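Remarks on the structure that follows.
Here it is in structure tokens:
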């Protein structure tokens with residue numbers, strides 16, 4: 001029959017491999033065990049543990065709003081009593097995802113533009129003679145521009161700067177030590193665009209007062225995202241007062257691991273708090289601080305300012321999530337690759353059977369049917385024919 | 001012949017499974033249909049719909065710059081006329097990705113540190129007797145530190161605070177109601193590092209005036225990212241004035257779905273606007289507001305401040321994107337798993353053919369060729385035995 | 001034997017495909033080459049190059065802290081000498097991931113609420129007659145609200161605004177040209193949650209002075225993340241002074257490509273600097289600027305302000321990373337799909353062998369064993385035998 005004819009003809013039939021059954025218990029059992037292992041791996045690990053049948057999404061959309069509550073009174077010798085409210089100690093004040101809480105500060109009031117001595121703390125500011133104070137050069141990591149004069153009184157260059165320069169040392173005790181009792185409210189909305197699923201970490205209640213009174217508790221109030229600063233910090237394993245004195249960074253991680261094949265109520269936020277400014281060897285780094293100034297003008301319209309060097313705790317609220325939902329493609333890839341894997345095993349068993357046993361040559365002859373062009377009427381082949389007939393006769 | 005000899009010998013030949021053709025139309029057609037289904041799935045779904053031949057990148061790099069335009073005049077009984085420009089109503093003013101627009105506010109001018117009555121709105125501030133006002137204790141969610149005195153006049157504790165405390169109620173009508181006509185300009189640069197592809201959402205034109213005059217329009221001006229606040233909010237299905245009164249959060253999602261096998265002009269941004277501060281049951285949450293203060297000093301150098309409680313709309317501009325480009329690995333994984341899938345079908349058909357039909361036993365005998373060692377007196381096998389002995393005799 | 005009996009019986013044996021060996025060198029070698037190719041692809045490309053045996057994580061957690069150092073003195077005719085420190089030129093000052101450095105500015109001091117002429121630069125503010133200045137209407141992209149009067153002196157509408165309105169032009173030369181010598185310190189902590197691996201880009205040294213003196217150098221100081229602004233900008237291929245004059249945006253990309261099967265010391269940050277505000281045709285866009293105001297009160301308690309329009313460089317610090325670690329699932333998927341691929345090749349070779357060669361019909365008869373029901377097997381089969389002999393005889 002012609003090539004194409006045969007081709008179409010064959011299409012209508014069911015073609016299936018011809019198998020050779022090797023009555024060899026060892027290989028047989030070995031192969032079955034292997035098949036079971038693969039099956040177990042696919043079902044147990046890929047499907048049950050790793051949920052390999054799910055399409056995953058990690059590109060989470062998220063919005064975080066934060067709000068702090070609490071006031072504290074500081075009382076320093078220089079500046080007298082001062083009341084700090086959220087509008088002062090939260091920077092920036094507008095409820096962002098990354099914010100800073102002032103816990104300690106150095107205030108330098110009434111600075112005016114002028115000429116004064118550089119602080120002795122700045123190495124580059126020190127001098128023996130005017131030669132060390134090159135005019136017009138700025139002091140490296142310093143407060144101003146050198147005027148070219150060396151002041152013997154202080155042993156530092158005279159500079160053109162906001163005078164007097166900041167001099168006082170950081171208070172050993174945090175001035176806002178009571179910030180430990182401030183509360184932070186973290187509102188988080190998430191959305192998995194691929195699955196069009198969205199949720200918030202705040203309880204949806206009609207009870208107005210709930211969010212005013214509750215405080216977070218994994219068991220009883222998982223949907224009341226209000227934390228006391230002190231608790232939050234201590235849960236990272238650090239002492240609040242130490243951290244407050246020199247400053248630091250805390251990462252608040254909100255994790256949403258959601259199996260969207262289950263009910264949405266099973267998709268809950270998990271909070272974890274870690275101190276970010278740590279070295280690998282778990283020594284704390286130098287802390288966290290920055291400066292800002294408040295500008296004023298006097299009657300004559302001259303500008304003066306109050307400089308604040310604030311130490312405090314920076315919070316990075318990080319949200320990440322992963323949602324999974326059944327999808328045919330990953331399922332098929334998982335199954336397909338598993339099946340292919342069985343093929344690998346079969347190949348291995350064949351190798352053993354065909355080349356690593358004393359009866360191998362015998363197997364080879366039965367497994368492989370040689371087709372050659374030279375001697376057609378060859379023993380093995382005629383034999384097969386006979387065998388076939390016989391088999392059919394019973 | 002020796003194991004290895006045979007191994008190398010076989011290497012030079014083409015080994016292919018021996019097939020048994022079952023002239024069984026039903027199974028045959030069933031299997032063909034299954035093969036077509038798999039083929040259809042791979043080509044249609046994996047390749048055409050899901051573009052399974054592409055390597056995907058979701059780790060998009062992005063930079064967003066925002067700028068608002070518009071001025072409005074407010075006129076309150078307490079403070080008289082006041083002109084709001086972008087430098088005032090945008091917080092922070094420096095064109096960030098997440099920003100806040102003041103639409104309503106409560107102003108408390110000329111606050112000075114001192115002693116006054118806590119607001120009656122604060123539950124913890126109310127008192128019957130001095131006993132309710134523990135000295136030095138801060139008022140929970142309040143404005144200051146209790147002095148230990150209970151003021152009968154107001155029925156609240158006297159506190160050490162910025163006085164007078166904020167008292168007035170939020171205006172029912174947004175004071176900056178005209179902010180509806182402000183325009184927001186969103187400049188977005190994206191980059192897919194893996195494919196080194198970058199693009200911007202702004203038309204590249206030499207016409208200076210274009211961006212000054214145009215406004216976004218999906219059809220005609222897709223590359224003019226200038227939006228009127230009112231339109232933007234209403235497109236989320238909410239009334240601007242209601243939102244402006246109590247505040248809220250709006251997510252502006254810019255999506256870049258790019259098939260980099262096609263021309264870059266096919267890779268366009270898609271804008272979508274959603275209100276983020278919604279509960280699942282679509283009730284609006286309490287709104288959005290925060291406080292900030294402006295500090296001043298009088299002639300005597302005493303500090304006083306103006307406290308603002310601002311309500312407004314917070315915009316979270318979220319950019320996500322996905323780029324796909326042909327890559328051999330996902331292609332092969334897709335094909336490979338599909339092929340393996342056909343194997344699964346073949347296995348299933350075999351099961352039917354071999355164990356679930358009345359002619360099964362007959363098929364089995366033809367499909368499986370038994371090799372055993374013990375002599376079961378039938379011809380084919382006795383022959384085998386001989387062969388075996390021979391084999392063993394070499 | 002019964003279906004199920006046979007089924008269980010067969011379970012104890014090792015079933016393996018019966019192969020037909022086609023002594024056809026060309027096909028044989030072709031197939032071997034194909035197998036080698038697939039093997040090479042899997043080992044070489046998937047495993048060695050693409051590390052296909054690794055589970056990848058791209059959802060990196062990161063925290064960035066920035067700090068700038070340097071002071072400069074500006075001297076403008078209007079406002080006299082003014083000293084800029086980090087607390088002034090960094091906006092916002094609190095060491096965020098996205099920040100702005102003032103390099104040029106227009107100062108408009110002593111603005112007070114009142115009535116004055118709109119700037120002529122604003123198209124919508126120009127007028128011929130009062131009719132062009134609709135009362136109560138705000139000037140589009142302008143500074144205030146029209147009073148309904150057209151001022152002939154300036155040819156613009158009179159507006160209710162902060163007066164005088166900003167008028168002066170942007171200085172051609174950046175006023176803070178020395179900002180080129182400022183240094184920026186970028187502290188970056190990363191964490192791969194899936195692998196619980198975290199690292200920082202700062203050298204962990206006990207030497208206090210190291211970070212005060214060092215500056216970044218790919219070879220010698222890879223863990224000293226301190227950059228001179230000028231170098232940073234020039235490494236993007238742009239001139240600092242040009243950029244400083246009109247402003248721009250620079251992306252600082254920190255990349256962490258980590259093979260966690262290797263030692264953690266092999267996982268190092270890679271810095272790259274790109275200018276973000278570029279069009280595809282590499283022309284620079286309009287620059288970057290925004291306005292902010294400082295508010296003051298005079299003796300009479302009247303508010304006045306100083307408006308700053310600041311031009312400068314905005315830095316977007318983007319961190320991305322990818323960590324890979326050996327995992328069994330991707331390994332198996334890679335192998336499995338490769339194996340399946342070999343199947344594809346075998347199928348192709350079969351097609352050639354069976355339908356595209358002159359000896360094809362002969363192969364078909366040897367490869368396929370026909371089973372039919374009509375005649376009690378013998379006929380069809382004896383037929384095969386005969387056929388075989390015949391075929392072989394030609």
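Protein chains in written order, with the numbering used here: chain L, 1 to 394; chain C, 1 to 394; chain F, 1 to 394.
We put the CB at the ideal spot given by N, CA and C, even for glycine.
All values derive from a computational prediction rather than experimental measurement.
Open item on the list: For residue 113(C) and residue 86(L), I'd like the C-alpha separation in whole angstroms.
Closed with: Taking the first residue of the second chain as 1, we reach residue 113(C) at position 113. Taking the first residue of the first chain as 1, we reach residue 86(L) at position 86. If I take the Cα positions, the gap works out to 15 Å.
- [ ] Would you mind telling me which residues of chain C sit closer than 9 Å to residue 348(L), beta carbon to beta carbon, in chain order?
- [x] Translated into positions along the first chain, residue 348(L) becomes position 348. Going along chain C, no residue has its Cβ under 9 Å from residue 348(L), so there is no contact; the nearest lies around 14 Å.
TODO: State the start and end residues of the unbroken alpha helix (DSSP H) segment that holds residue 245(F).
DONE: On the third chain, position 245 is the one that residue 245(F) refers to. Residue 245(F) -> alpha helix (DSSP H) spans 240-246.
Open item on the list: Which residues of the segment 11-23 of chain F have a Cβ closer than 8 Å to any Cβ of chain L? Give them in chain order.
Closed with: 11, 12, 13, 14, 15, 16, 17, 18, 19, 20, 21, 22, 23
TODO: Inspect the beta-carbon positions of residue 340(F) and residue 197(F) and report whether they are closer than 8 Å.
DONE: Residue 340(F) sits at position 340 when you count from the first residue of the third chain. Residue 197(F) sits at position 197 when you count from the first residue of the third chain. Against a cut-off of 8 Å, the Cβ pair of residue 197(F) and residue 340(F) comes out as no contact.
Task: DSSP state of residue 114(L) mapped onto helix, strand, coil - done: Residue mapping note: residue 114(L) aligns to position 114 of the first chain, counting from 1. It is a strand residue.
Open item on the list: For residue 108(F) and residue 308(F), I'd like the C-alpha separation in whole angstroms.
Closed with: The count along the third chain starts at 1 and reaches residue 108(F) at position 108. The count along the third chain starts at 1 and reaches residue 308(F) at position 308. Answer to the nearest angstrom: the Cα atoms are 6 Å apart.
Task: Inter-residue spacing [alpha-carbon to alpha-carbon] between residue 246(C) and residue 246(L) - done: Taking the first residue of the second chain as 1, we reach residue 246(C) at position 246. Taking the first residue of the first chain as 1, we reach residue 246(L) at position 246. Going by the C-alpha atoms only, they are around 38 Å apart.
Task: Chain-ordered residues of the segment 143-162 of chain F with a beta carbon less than 7 Å from chain A - done: Any reference to chain A falls outside this structure, whose protein chains are L, C and F.
TODO: With distances taken Cα to Cα, identify the nearest neighbour of residue 29(L) among 13(F), 295(F), 161(F).
DONE: Walking along the first chain from the start, residue 29(L) turns up at place 29. For residue 29(L), the nearest C-alpha among the options comes from 13(F).
- [ ] Taking residue 271(F) as part of the beta strand (DSSP E), name the residues at either end of that continuous run.
- [x] Counting from one through the third chain, the residue named residue 271(F) turns up at place 271. 269-275 is the extent of the beta strand (DSSP E) around residue 271(F).
Open item on the list: Could you check whether the Cβ of residue 345(L) sits closer than 8 Å to any Cβ belonging to chain F?
Closed with: One-based indexing of the first chain puts residue 345(L) at position 345. Cβ-Cβ to chain F under 8 Å: no for residue 345(L).
TODO: Buried or exposed for residue 167(F), please, with buried defined as at least 16 other CB atoms from any protein chain shown within 10 angstroms of its CB.
DONE: In the third chain, counting from the first residue as 1, residue 167(F) sits at position 167. Classification for residue 167(F): exposed.
Task: Per DSSP, cross-strand counterpart(s) of residue 310(L) - done: The residue you call residue 310(L) lines up with position 310 of the first chain. 105(L), 290(L).
- [ ] Could you confirm whether any beta carbon from chain L is found closer than 8 Å to the beta carbon of residue 108(C)?
- [x] Translated into positions along the second chain, residue 108(C) becomes position 108. No, residue 108(C) lies away from the interface with chain L (no Cβ there is under 8 Å from its Cβ).
Task: residue 214(F) versus residue 226(F) - alpha carbon distance - done: Your numbering for residue 214(F) matches position 214 in the third chain. Your numbering for residue 226(F) matches position 226 in the third chain. Going by the C-alpha atoms only, they are around 7 Å apart.
Open item on the list: Tell me which residues share the same chain as residue 161(L) and place their Cβ nearer than 6 Å to its Cβ, disregarding the 5 neighbours each side in the sequence.
Closed with: Counting from 1 along the first chain, the entry for residue 161(L) is found at position 161. Result list for residue 161(L): 143, 144, in chain order.
Open item on the list: Using 8 Å as the threshold, is the C-beta distance between residue 16(L) and residue 350(C) below it?
Closed with: Taking the first residue of the first chain as position 1, residue 16(L) is located at position 16. Taking the first residue of the second chain as position 1, residue 350(C) is located at position 350. Yes, they are a contact pair.
Open item on the list: Give me, in chain order, the residues of the same chain whose beta-carbon lies closer than 8 Å to that of residue 374(L); leave out the 5 immediate sequence neighbours on both sides.
Closed with: Within the first chain, the letter at position 374 stands for residue 374(L). Reliability fails at residue 374(L), whose pLDDT of 47 lies under 50, so the model's placement of it is uncertain and the value that follows must be treated cautiously. Correct list: empty, nothing qualifies.
TODO: Flag this pair as touching only if the segment 186-193 of chain F and the segment 61-73 of chain F have three or more C-beta atom pairs under 8 Å; answer yes or no.
DONE: yes
Open item on the list: So with CB distances below 8 Å, who are the chain F contacts of residue 46(L)?
Closed with: In the first chain, residue 46(L) corresponds to position 46, counting from 1. Under the 8 Å cutoff, chain F gives 329.
Open item on the list: Short of 8 Å Cβ to Cβ, which residues in the segment 85-106 of chain L face chain F?
Closed with: 91, 92, 98, 100
TODO: Below 7 Å CB to CB, which residues in the same chain sit around residue 384(L) once its five sequence neighbours on both sides are set aside?
DONE: Residue 384(L) sits at position 384 when you count from the first residue of the first chain. Here residue 384(L) scores only 35 on pLDDT, less than 50, and its place in the model is too uncertain to base an answer on.
TODO: On a CA-only basis, which of 149(L), 136(L), 289(L), 253(L) is nearest residue 427(L)? Give me that one, please.
DONE: Outside the shown range of chain L, which is 1 to 394, sits residue 427(L), and nothing can be said about it.
Task: Cβ neighbours of residue 180(C) in the same chain (closer than 7 Å, five flanking residues each side left out) - done: Within the second chain, residue 180(C) is the residue found at index 180, counting from 1. Excluding sequence neighbours, residue 180(C) sits near 229, 230, 240.
Open item on the list: Let's test the definition: count the other Cβ atoms within 10 Å of the Cβ of residue 364(C) and tell me whether it reaches 16, buried, or not, exposed.
Closed with: The residue you call residue 364(C) lines up with position 364 of the second chain. Buried: at least 16 other Cβ atoms inside 10 Å.
Open item on the list: As a quick exercise: from 319(C), 140(C), 19(C), 158(C), pick the residue whose alpha carbon is nearest that of residue 131(C).
Closed with: Walking along the second chain from the start, residue 131(C) turns up at place 131. Checked all of 319(C), 140(C), 19(C), 158(C); the closest Cα to residue 131(C) is 158(C).
Task: DSSP three-state assignment for residue 24(F), whether helix, strand or coil - done: For this step, residue 24(F) is matched to residue 24 along the third chain. It is coil, neither helix nor strand.
Open item on the list: If you measure between the beta carbons of residue 325(C) and residue 261(C), is that distance less than 8 Å?
Closed with: By 1-based counting over the second chain, the position of residue 325(C) is 325. By 1-based counting over the second chain, the position of residue 261(C) is 261. A contact, by the Cβ cut-off of 8 Å.
Task: Proximity to residue 248(F) [Cα-Cα], best of 100(F), 20(F), 80(F), 56(F) - done: What you label residue 248(F) is simply residue 248 of the third chain in a count that begins at 1. Checked all of 100(F), 20(F), 80(F), 56(F); the closest Cα to residue 248(F) is 100(F).
TODO: Return the CA-CA distance between residue 392(L) and residue 367(C), expressed in angstroms with no decimal places.
DONE: Sequence index remark: in the first chain, residue 392(L) carries index 392 (1-based). Sequence index remark: in the second chain, residue 367(C) carries index 367 (1-based). Reliability of the predicted coordinates at residue 392(L) is poor, the pLDDT of 26 falling under 50, and no value is obtained from them.
- [ ] Please compile the residues from chain L whose C-beta is within a distance smaller than 7 Å of the C-beta of residue 119(C).
- [x] The residue given as residue 119(C) occupies position 119 in the second chain. Residues of chain L passing the Cβ test: none, with the nearest at roughly 13 Å.
Task: Straight-line gap, residue 140(C) to residue 207(L) (C-alpha atoms, nearest Å) - done: If you number the second chain from 1, residue 140(C) lands on position 140. If you number the first chain from 1, residue 207(L) lands on position 207. Their Cα atoms are separated by approximately 19 Å.
Task: Residue nearest to residue 221(L) in terms of C-alpha spacing, selected from 202(L), 232(L), 237(L) - done: Position 221 of the first chain, counting from 1, holds the residue named residue 221(L). Checked all of 202(L), 232(L), 237(L); the closest Cα to residue 221(L) is 202(L).
Open item on the list: Within a Cβ cutoff of 8 Å, which residues of the same chain sit near residue 303(F), ignoring the five residues on either side of it in sequence?
Closed with: As a position in the third chain, residue 303(F) is number 303, starting the count at 1. 112, 113, 295, 296, 297.
Open item on the list: Could you compute how far the alpha carbon of residue 358(F) sits from the alpha carbon of residue 24(F)?
Closed with: Start at 1 with the first residue of the third chain, and residue 358(F) comes out as number 358. Start at 1 with the first residue of the third chain, and residue 24(F) comes out as number 24. In a straight line, the C-alpha of residue 358(F) is about 13 Å away from that of residue 24(F).
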